[in-house]
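Quick note on our numbering: the sequence shown kicks off at 4 and runs consecutively.
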Amino acid sequence: NAYLTKGGPAGKKVMCQYESVFECNVGPENIDKCLPLIAVVQGFGFRFPESVEELRSICQAPESARVEGNICSDGLVGKARAFAPTCIDACPQACEPLNLAL
């Protein structure tokens with residue numbers, strides 16, 4: 004509900020609050036069973052990980068890229084970040100120009 008009502012940063016915040024719980028879904032013992040559900044969630048535009056490593060990477064992103072209200076995580080840049088978070092995290096100085104361009 005957080006993602007659909009408040010956007011990507013809110014959804015990510017909830018996902019990362021429950022990181023250890025979601026490890027069950029993306030761990031090697033359950034990933035094959037959970038891929039159909041993950042595909043549905045991703046179909047809504049939410050970047051749900053497909054491995055424990057990816058989950059940890061998402062939740063350990065630099066704070067500057069995670070803070071709600073940050074130009075890197077809100078609006079169109081936030082939506083773009085869902086597809087390439089490591090790019091945005093690596094170059095946060097590009098968020099403002101990217102926002103202006105989009």
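Glycine included, every Cβ here is placed at the ideal spot set by N, Cα and C.
Residue span of the alpha helix (DSSP H) that contains residue i, given as start and end
i	result
N102	98–104
R84	78–84
R59	55–62
N33	Note, N33: premise wrong, no alpha helix (DSSP H); not H, not E.
Same chain only: Cβ atoms within 8 Å of residue i, ignoring 5 sequence neighbours per side
i	result
E22	L58, R59, C62
Residue i, buried or exposed, once every other Cβ within 10 Å from all chains shown has been counted against 16
i	result
S54	exposed
G106	Only positions 4 to 105 of the chain appear in the structure, and residue 106 is not among them; the question remains open.
F47	exposed
C98	buried
Straight-line gap, residue i to residue j (C-alpha atoms, nearest Å)
i	j	result
G30	R50	17 Å
A104	E32	43 Å
S76	K36	30 Å
A13	F25	16 Å
P93	A42	Reading off the sequence shown, one finds Ala at residue 93, where the question assumed Pro. Their Cα atoms are separated by approximately 26 Å.
L40	L79	25 Å
P88	N102	15 Å
K15	P52	11 Å
L38	C90	25 Å
N28	P100	37 Å
A64	Q45	19 Å
Neighbourhood of residue i by C-beta, 6 Å cutoff - its chain only, sequence neighbours within 5 removed
i	result
G11	G81, A85
C19	C62
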